[in-house]
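Numbering (the working numbering), first residue to last: 2 to 362.
Backbone N, C-alpha and C define an ideal beta-carbon position, used for all residues, glycine too.
Computed from a prediction, not measured in an experiment: that's the story for all the values here.
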Amino acid sequence: MSVRTKSLRSSSPGIRPTPGSRDVGELYTNYPDGQLGVIDTNQDPQDLIAVRYFSALAAYVVDDVIVNVLDNTMYRCIQDNGPGAFTPTDWTTAADSFVQRLKGYETNGLHSAFTGDLNTLLHNSTYTIIASGVTNDPAEFSTIGFITTNLWTATSAAIQTLTGMTGADQGRVWFRTRDGSVWGNWFIPNDLSMTAAVQSFAVPPNNVGSIWLLCDGQAVSRDDYADLFLLLDVIYGNGDGTTTFNIPNYQGQFLRGQDQGAGVDPDAGTRTDRGDGVTGDEVGTKQEGGNLSHDHGITDPGHTHSNGNKDGSSVRNSGTDRWSRANVGTSVTGISIKARGGNEARPTNVNVLYYINTGRV
């Protein structure tokens with residue numbers, strides 16, 4: 002490694018050095034910013050530790066970055082220009098135009114706001130967004146949040162992450178991936194394992210119709226609820242036979258764990274059709290109401306019976322009392338079995354709403 006021993010020079014205050022008087026690569030104290038620079042082929046000192054100031058003596062190409070001394074603002078070149086005076090149309094100050102820094106940040110370090118189609122965010126970036134100002138966001142996103150794009154290349158794999166910041170969206174995180182030129186659907190990872198899960202609610206949950214469907218036996222679209230259809234298929238009903246399928250109907254029902262051979266459900270083998278012809282001890286099959294076989298006690302206040310008539314002999318005036326007879330008469334004893342209960346056999350209960358998770362967001 003060789004080291005040049007030439008002395009470090011500087012320009013006089015307020016006066017640029019005469020072009021052509023320095024060696025290319027020579028270190029120089031740059032005018033007018035005072036930063037350490039190196040002489041380029043245009044005889045202009047380029048800052049080594051800071052963006053250089055605009056010079057009317059220099060030529061610039063697209064993506065060069067300068068600071069204009071007239072307004073102390075950073076610009077990026079969008080049109081080859083120079084040498085010559087600063088021409089505003091050759092430069093831009095757009096917040097996301099500087100490839101030298103992470104896109105999506107203002108010069109003060111705060112996030113820029115993005116409006117428009119989220120499908121077009123094809124650079125590594127982080128922005129703030131408002132639901133009303135963007136498209137192709139999750140259907141349930143309704144407030145403000147951060148959108149981050151991580152891109153492998155502009156034409157290959159990518160992932161977007163949306164983090165909700167306020168209101169109903171606070172703390173919720175959505176993801177989607179891009180394969181080639183096609184973005185997939187938004188999803189919440191924690192919800193994927195919940196597809197087809199049935200939960201009870203005291204009030205209707207948020208996102209009814211997307212994440213949650215009321216278990217009322219309704220027929221829904223096989224395409225719109227593809228993840229749910231993949232699991233349920235037509236076990237609760239075939240819908241219209243081509244485009245829809247039925248979800249379970251739990252209205253007014255108590256749910257019971259499948260016996261699976263435990264012997265707790267003595268009538269497991271006689272459970273009835275769940276909707277696709279399947280019976281027996283299978284998920285979704287049904288049982289009608291019933292009572293356990295049992296005995297009743299009675300209350301007897303005391304009673305009497307009448308005995309049979311005497312059988313006589315035509316020969317002798319004598320006979321024997323007999324306590325049996327072929328025909329039994331009707332008698333009233335006063336014995337009663339009390340009727341108790343209502344319209345069904347049931348435990349103490351509270352009404353809830355049963356919803357099934359669709360796996361959507």
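Local conformation of residue i per DSSP, three classes
i	result
residue 256	coil
residue 169	helix
residue 337	strand
residue 163	strand
residue 133	helix
residue 188	strand
residue 346	coil
residue 90	helix
residue 149	strand
residue 180	strand
residue 202	strand
residue 354	strand
residue 270	helix
residue 97	Bear in mind that the predicted position of residue 97 carries a pLDDT of just 44, short of 50, making it unreliable; the figure below should be weighed with that in mind. Correct three-state label for residue 97: coil.
residue 244	coil
residue 300	strand
residue 224	coil
residue 231	helix
Straight-line Cα distance separating residue j from residue i
i	j	result
residue 89	residue 225	51 Å
residue 300	residue 341	15 Å
residue 62	residue 56	13 Å
residue 65	residue 123	22 Å
residue 264	residue 165	48 Å
residue 221	residue 240	8 Å
residue 127	residue 150	7 Å
residue 85	residue 71	15 Å
residue 288	residue 218	17 Å
residue 146	residue 210	23 Å
residue 345	residue 140	44 Å
residue 276	residue 233	11 Å
residue 257	residue 244	30 Å
residue 296	residue 302	20 Å
residue 152	residue 114	19 Å
residue 253	residue 280	21 Å
residue 200	residue 242	27 Å
Assigned exposure category for residue i - 16 Cβ within 10 Å defines buried
i	result
residue 249	buried
residue 247	buried
residue 230	buried
residue 292	exposed
residue 357	buried
residue 154	exposed
residue 53	buried
residue 338	exposed
residue 347	exposed
residue 118	exposed
residue 158	exposed
residue 59	buried
residue 267	exposed
residue 1	Examination of residue 1 is not possible in this model, given that the chain is present from 2 through 362 alone.
residue 343	exposed
residue 272	buried
residue 82	buried
residue 198	exposed
Distance CB(residue i)-CB(residue j) smaller than 9 Å
i	j	result
residue 352	residue 255	no
residue 162	residue 142	no
residue 237	residue 278	no
residue 160	residue 179	yes
residue 121	residue 134	no
residue 259	residue 228	no
residue 156	residue 185	no
residue 215	residue 355	yes
residue 129	residue 112	yes
residue 174	residue 190	yes
residue 169	residue 137	no
residue 144	residue 171	yes
residue 202	residue 360	no
For residue i: DSSP bridge partner residues
i	result
residue 75	68
residue 217	250
residue 143	Answer is none; residue 143 lacks a bridge partner.
residue 61	82
residue 209	213
residue 127	149
residue 54	68
residue 118	136
residue 284	DSSP lists no partner for residue 284.
residue 174	164
Neighbour flag for residue i against chain C, beta carbons, 9 Å
i	result
residue 178	The structure shown contains no chain C; it holds only a single protein chain.
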